[in-house]
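Undergrad:
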Amino acid sequence: MILHTLNKSPEHAALGRCCETIATGDVLVLLEDGVYCGSAGRDRQVGELLAQNIAVYAINADVQARGLAVRMTRGVTLIDYEGFVQLCTEQASSKRWG
Amino acid sequence: MPANPGTQNAPSIGTTAGPAERPNKTLLFVQSQAPHGTLYGQEGLDAIMMGSAFTECAVLFVGDGIYQLLANQDTSLLASRNYSVSYRALADYGVEKLYCTEADLQQRGLTVADLVVTPCVIDSRALQALMTSFDVILDF
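Sequence order for the protein chains is A and B. For reference, each letter of the first sequence is one residue, going 1 to 98 in my numbering. For reference, each letter of the second sequence is one residue, going 1 to 140 in my numbering.
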């Protein structure tokens, strides 16, 4: 299974490309401006991934910095950098989108 | 005695006939990037504050740029400064014209109540008029 990371806001094409490619059982980590993809009002694609049982995480430091703490979509799990490393060790490979 | 080469041909300062007094060009700063992911927002705000010392300045927030004004930013976990609060000080610098579009707010599920300052919300037609009403547009 693949760990996908996304560091661009929904304004960019990276989100669409990621969503076309990601498969059930994969994991998505939103980081830097990617955390906007999991915020209220901009979370259509991430909502679809969650509905497909794809686990979606977001780096807490990036969420807090952007004022999104109370705006994140239910189902997106906030993690710290240690949690990020842990996820990396659990997946066979990784793909960066952005 | 040789003439001092440093002064002989040097233009005299202050006596050169300059152009007639001209008003400074007005500046429209456009903030189009989300905060913290890049340095554009912070650099743009610094430029606005500098520009305000010399001429009339206004700020237009487009696209993800409006995220720079989102309240409750907390950068304590990042090596990044929470400069959003500095937007509140712009009025003290004489920069009182802040603009954003209704479409950009709506697309992001935001209202002006979610922001640290209250920009003037305009539609796309007013946006065109705004951009043509300034001498110079500076993009960040």
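Using N, Cα and C, we set each Cβ at its ideal position, and we do this for glycine too.
#1: Within 10 angstroms of the Cβ of Ser84 (chain B), are there 16 or more other Cβ atoms? Answer buried if so, exposed if not.
#2: Can you list, in chain order, the residues of its chain with a C-beta nearer than 6 Å to that of Val136 (chain B)? Leave out the 5 residues immediately preceding and following it.
#3: Exposed or buried, what is Tyr81 (chain A) when buried is set at 16 or more other beta-carbons lying within 10 Å of its beta-carbon?
#4: Using only the alpha-carbon positions, how far apart do Gly75 (chain A) and Ala53 (chain B) sit?
#5: For Leu87 (chain A) and Leu110 (chain B), I'd like the C-alpha separation in whole angstroms.
#6: Do you know offhand how far Arg88 (chain B)'s Cα is from Val95 (chain B)'s?
#7: Just the chain B side, please: which residues come within less than 7 Å of Asp33 (chain A) by C-beta, in chain order?
#8: Pull up the distance between the alpha-carbon of Ala9 (chain A) and that of Val35 (chain A), whole angstroms please.
#9: Between the stretch 68–75 of chain B and the stretch 25–43 of chain A, can you find at least three pairs of beta-carbon atoms closer than 8 Å?
#10: Comparing the C-beta of Gly16 (chain A) with each C-beta of chain B, is any distance below 9 Å?
#11: Is it the case that the stretch 104–123 of chain B contacts the stretch 58–68 of chain B, given that we only count it when at least three CB pairs across the two stretches are under 8 Å?
#12: Do Ala58 (chain B) and Leu98 (chain B) have their C-beta atoms closer together than 9 Å?
#13: Counting contacts by CB-CB distance shorter than 9 Å, is Asn72 (chain B) in contact with chain A?
TA: Working from what's here:
#1: buried
#2: Lys25, Leu27
#3: exposed
#4: 48 Å
#5: 32 Å
#6: 10 Å
#7: Ala34, Gly37
#8: According to the sequence provided, residue 9 (chain A) is Ser. The question's Ala does not apply to it. Spanning the two alpha carbons is a distance of roughly 7 Å.
#9: no
#10: no
#11: yes
#12: yes
#13: yes
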